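Remarks on the structure that follows.
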Amino acid sequence: MSETLDHAATVATWTDEQLIDTWETASEEETENPSGLLLAVIEEMGKREISF
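Have a look at this one:
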């Protein structure tokens with residue numbers, strides 16, 4: 249659980265562009281079975297209402 253919170257805290261400091269770049273560079277396999285970091289990116293993009 250603390251790893252999830254660490255990822256959330258990390259991506260909360262990222263710019264919109266960093267979030268989008270991370271999402272766009274993720275492989276299809278990663279998007280189908282996202283890591284904790286990618287899940288945090290997806291959640292943060294949702295909070296900021298960034299379409300993906």
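Residue numbers (this note's numbering): 249 to 300.
Virtual Cβ for every residue (Gly too), placed ideally from N, Cα, C.
Keep in mind it's a predicted model, so treat the numbers as computed, not measured.
Inset, instruction - Excluding the 5 residues preceding and the 5 following Ala288 in the sequence, name in chain order all residues of the same chain whose CB lies nearer than 6 Å to its CB. - result: His255, Ala256, Val259
Inset, instruction - For the alpha helix (DSSP H) containing Glu272, list its first residue and its last residue. - result: 264 to 273
Inset, instruction - Give the straight-line distance between the Cα atoms of Pro282 and Ile290, rounded to the nearest whole angstrom. - result: 9 Å
Inset, instruction - Note down the Cα distance separating Lys295 from Leu267, rounded to an integer number of angstroms. - result: 12 Å
Legend entry - DSSP-derived helix/strand/coil call for Ile298: coil
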